[in-house]
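Numbering (the working numbering), first residue to last: 53 to 282.
Using N, Cα and C, we set each Cβ at its ideal position, and we do this for glycine too.
Here is the structure we will look at.
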Amino acid sequence: MKIIVANWKMNGDIDLCDKIINSLKSAIYPESIIICPPSPLLFMFREVKFKYGAQNCSTNLKGAFTGEISPSLLKSIGCSYVIIGHSERRNLFCESNDYIFQKFKLILELDLIPIVCIGEKINERSYYKEVLEEQLKYFIKHGDLNKVIFAYEPVWSIGTGIIPNLDDILEVTSFIKMQTQSKVLYGGSVNKKNATEILNIASIDGALVGGASLDPNEFYEIIKISEKIK
Ligand code: 13P
Numbered sequence: 053m054k055i056i057v058a059n060w061k062m063n064g065d066i067d068l069c070d071k072i073i074n075s076l077k078s079a080i081y082p083e084s085i086i087i088c089p090p091s092p093l094l095f096m097f098r099e100v101k102f103k104y105g106a107q108n109c110s111t112n113l114k115g116a117f118t119g120e121i122s123p124s125l126l127k128s129i130g131c132s133y134v135i136i137g138h139s140e141r142r143n144l145f146c147e148s149n150d151y152i153f154q155k156f157k158l159i160l161e162l163d164l165i166p167i168v169c170i171g172e173k174i175n176e177r178s179y180y181k182e183v184l185e186e187q188l189k190y191f192i193k194h195g196d197l198n199k200v201i202f203a204y205e206p207v208w209s210i211g212t213g214i215i216p217n218l219d220d221i222l223e224v225t226s227f228i229k230m231q232t233q234s235k236v237l238y239g240g241s242v243n244k245k246n247a248t249e250i251l252n253i254a255s256i257d258g259a260l261v262g263g264a265s266l267d268p269n270e271f272y273e274i275i276k277i278s279e280k281i282k
């Protein structure tokens, strides 16, 4: 099975947690499923077999940072993963590569696994390599990316229902893999209809699913598709 990460963004509630936990009870490879709900819901997943993670964290471990969430607190409640660098955080909250890198270092120091999102905007498509190289350069300089997961999310594909053609996904994710030697996910409008063709792309280790992860039946179908793929 490939890795399937659910990014609920600022959606979901206790009821959805119950439904997802219930629907994933029969999952064959729970270790390959990572649910990332809003942080106040993380406690709901403490007893589950699958993994869970946060959508963001602070650049600090503790202190006077009102509204922030420490990665060490996330670790203490059983999170294994933290998504960082999502395009919504880069664009809506002005997070820079340098700021994202501060989080990255802390996450690794705590033995958590960062899921680092990168991707080009629509007007950057013709020079995507330069854009991705710029986003990747801090992480590559850091060195050991063995445990790190990168998620290629073309910004223009997020929430639009439009996905790149499969050859383009293969080309870009192969490029990221070559640069990082890390696992690479694809994210952007993944759903039960396109999951088979996307997850079968050789260079992809899994998918980062947004909207479709909020529907327990649809998400479960994506999991079932992934379970059949080596
Ligand atoms: P959608 O699957 O809703 O396009 O969102 C993708 C995403 O941003 C996951 O992080």
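Would you list the residues sitting across from residue 59 in a DSSP beta bridge?
Numbered from its first residue, the sequence shown carries residue 59 at position 7. Looking at the DSSP assignment, residue 59 forms a beta bridge with 88.
Between which two residues does the alpha helix (DSSP H) holding residue 227 run?
Mapped onto the sequence shown, residue 227 falls at position 175. Secondary structure note for residue 227: its alpha helix (DSSP H) is the uninterrupted segment 218 to 232.
Three or more C-beta pairs under 8 Å: does that hold for the segment 74 to 86 against the segment 261 to 276?
The segment 74 to 86, when compared against the segment 261 to 276, does touch it at the 8 Å Cβ threshold.
Could you tell me if the beta carbon of residue 270 falls within a distance shorter than 8 Å of some heavy atom in the ligand 13P?
As a first step, residue 270 must be located in the sequence shown, where it is residue number 218. Relative to the ligand 13P, even the nearest heavy atom lies 8 Å or more away from the CB of residue 270.
DSSP puts residue 201 in a beta bridge; with which residues?
On the sequence shown, position 149 is the one that residue 201 refers to. Per DSSP, 167 and 235.
For residue 204, which option in 176, 192, 175 and 236 has the closest C-alpha, if you only look at C-alpha atoms?
Position 152 of the sequence shown, counted from the start, is the residue given in the question as residue 204. Of the listed residues, the one whose Cα sits closest to residue 204 is 236.
One question on the structure: do residue 90 and residue 64 come within less than 9 Å of each other, judged by their Cβ atoms?
Here residue 90 refers to the residue found at position 38 when the sequence shown is read from its first residue. Here residue 64 refers to the residue found at position 12 when the sequence shown is read from its first residue. Yes, Cβ-Cβ distance for residue 90 and residue 64 is below 9 Å.
Just to check my reading of the structure: residue 239 and residue 260 have Cβ atoms closer than 8 Å, yes? What is that Cβ distance to the nearest angstrom?
On the sequence shown, position 187 is the one that residue 239 refers to. On the sequence shown, position 208 is the one that residue 260 refers to. The C-beta separation of residue 239 from residue 260 comes to about 3 Å, placing the pair in contact by the 8 Å criterion.
Given 8 Å as the limit, tell me if residue 260 has its C-beta closer than that to any heavy atom belonging to the ligand 13P.
In the sequence shown, residue 260 corresponds to position 208, counting from 1. Judged by the Cβ position, residue 260 qualifies as a neighbour of the ligand 13P at the 8 Å threshold, a heavy atom of the ligand being closer than this.
Indicate, with yes or no, if the ligand 13P has a heavy atom lying under 8 Å from the CB of residue 278.
Start at 1 with the first residue of the sequence shown, and residue 278 comes out as number 226. Incorrect: residue 278 has no Cβ contact closer than 8 Å to the ligand 13P.
Which of the three DSSP states is assigned to residue 101 in this structure?
The residue given as residue 101 occupies position 49 in the sequence shown. If DSSP states are grouped into helix, strand and coil, residue 101 belongs with coil.
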